[in-house]
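Working notes, beginning with the structure itself.
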Amino acid sequence: MKPTRSALFIPGNRPEWIDDAATNGADLVIIDLEDAVPPAETGAARDDVSDAVPTLRDDGQRVFVRINGHPNASADSVTRDLEAIVPREPNGLVVPKVATAADIEELEAVLTHIERREGLDIGSTELLVTIETARAMKQCYEICLASDRVTSIMCGATKGTDTNRALRFDWTGPGRQGLETVHMRQKALLDARAAGIDYPLAGPYVDIDDHDGLVEDIEFAREMGYEGYVVVHPSHVQYANDQFTPDNETVEYWIDLYAALQDAIDLGESAIRYRGEMIDTANLETAREHLRRAVAFRDELDDDVAERLNDLEYASD
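Residue numbers (full-length UniProt numbering): 1 to 317.
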């Protein structure tokens, strides 16, 4: 999974919205064949999405497709999704209703079969797994390790969702107000990190016009350690991008810290004072991680900061 600040859900039965998907500024577009599509329209939506995926990719838009999942859908419906979508080479699939690692292992086998048959690179279809059942929350770590295809998770801790129903919590509000969802968010994040997932996603926030609540929830997710946010409306994209885009001041902080530590190491030192803080070589990898993320969004930085970033030798260290 590439760095993803925003992932925008678009219903698969709205071709006019899909046509505009690449204009919304989202790092990732998720075209939905599951909950957003009435069952009677699934077949037509599947055909439309199959046609749309190559066009979006040609436009430079990263695109995942959320397939149907058990127990809400039949095995035949899931198979039809995979047969229609995978040969069109989306960047990945969003996998809902996962319960155990075995679900991912079974999907791995099917994907490998389709990719081999179609002459695609084996393993090229990534998986973003939604952690939305109680069993999945309990086994998130094992699910993340079930296949190398699993490159991200989404922990949808909000009202009215499958997660809400699975845990039966009363949603009390966004961000720090929602104490009833904190453990779940932290558990999913910890398991994902332990499994080596670099870009776990939070969200979504379903109150479309409550932008203050949206920002509060995104801020809390970022502070908790999530790397991006799933949104359900185009008006939410920029809020997610703003929160997860490294700002110039922060990037310069890490550039200077990295340079100061490198100078210290060259002098045979490993601990120094930096802007009133005691830092040592353990901070070096932290700086690298921040700077690698900044590189992904260097076009959002001031020119002088981007130039300083380009001059650093760190990414391959």
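We put the CB at the ideal spot given by N, CA and C, even for glycine.
* Asked: How big is the Cα-Cα spacing for A22 and E115?
  -> 26 angstroms
* Skipping 5 residues on each side, what residues in its chain have a beta carbon closer than 6 angstroms to that of residue 335? -> Beyond the ends of the chain as shown, which are 1 and 317, falls residue 335; an answer cannot be given.
* **Collapsed DSSP secondary structure at L56 in the structure displayed** => In the structure shown, L56 adopts helical secondary structure according to DSSP, grouped into three states.
* Asked: Which one or two residues does DSSP pair with L93 in a beta bridge?
  -> V65 and L127
* **Top-ranked residue by Cα proximity to E252, from E118, I153, V53 and D302** => Ranking E118, I153, V53 and D302 by Cα distance to E252 puts D302 first.
* Are P96 and T125 closer than 7 angstroms when you measure CB to CB? -> no
* Determine, using beta carbons only, whether A306 comes closer than 7 angstroms to chain B. => In the structure shown, chain B cannot be found, because there is only a single protein chain.
* Report the partner residues of Y229 according to the DSSP bridge assignment. => S6 and A202
* Beta-carbon separation (whole angstroms), V230 vs P204, contact threshold 8 angstroms -> The pair is a contact, with the Cβ atoms about 5 angstroms apart (cut-off 8 angstroms).
* Any chance you could list the alpha helix (DSSP H) runs of at least 4 consecutive residues sitting entirely within the segment 264-291, in chain order? => Those alpha helix (DSSP H) runs which fall completely within the segment 264-291 and span 4+ residues do not exist here.
* Given a cut-off of 7 angstroms, decide if N24 and V232 are closer than it, judged by their beta-carbon atoms. => no
* Asked: What is the C-beta distance between A101 and M137, in whole angstroms, given that I count them as a contact (C-beta under 8 angstroms)?
  -> Contact flag wrong, Cβ pair sits at about 13 angstroms.
* Asked: Can you pull the DSSP bridge partners for S152?
  -> L128
* Expected contact under 8 angstroms - CB spacing of G175 and D148 to nearest Å -> So it is not a contact: roughly 33 angstroms between Cβ atoms.
* Asked: Rounded to a whole number of angstroms, what is the C-alpha to C-alpha distance between L167 and A134?
  -> 7 angstroms
* Residues near R62 by beta carbon distance below 6 angstroms, same chain, minus five either side -> L28 and N91
* Shortest alpha-carbon distance to G276 belongs to which of R293, L257, I18 and P87? -> L257
* In whole angstroms, what separates the C-alpha of D48 from that of I31? -> 10 angstroms
* Asked: Shortest alpha-carbon distance to A26 belongs to which of F169, G196, A7 and L107?
  -> Residue A7 is the option with its Cα nearest to A26.
* Asked: Under a Cβ-count criterion, where at least 16 other Cβ atoms within 10 Å of its own Cβ denotes burial, should S77 be classed as buried or exposed?
  -> buried
* First and last residue of the beta strand (DSSP E) that includes L28? -> L28 to D32
* Asked: What are the boundary residues of the alpha helix (DSSP H) that includes W17?
  -> P15 to D19
* Should S235 go down as buried or exposed, given a rule of 16 or more other Cβ atoms within 10 Å for buried? -> exposed
* **A315 versus R292 - alpha carbon distance** => At A315 the pLDDT is 47, less than 50, meaning the model places this residue with poor confidence and gives no usable figure here.
* Run of the alpha helix (DSSP H) containing N310, from where it starts to where it stops -> D303 to D311
* Check each candidate in D51, P3, K2 and R5 and name the one with the smallest Cα separation from R14. => D51
* Could you give the distance in angstroms between the alpha-carbon of R117 and the alpha-carbon of E83? -> 11 angstroms
* Return yes when the C-beta of Y205 is under 6 angstroms from any heavy atom of the ligand NAP, and no when it is not. => With respect to small molecules bound, the structure shown includes none, and the ligand NAP cannot be examined in it.
* **Proximity to L145 [Cα-Cα], best of L120, H113, T112 and I104** => Among L120, H113, T112 and I104, the Cα nearest to that of L145 is on I104.
* Inter-residue CB distance, A157 and M184 (contact presumed, cutoff 8 angstroms) -> 5 angstroms
* Beta carbon of L201, beta carbon of M154: below 7 angstroms? -> Yes.
* Asked: Smallest Cα separation from G69: which of A195, A44, E89 and E106?
  -> E106
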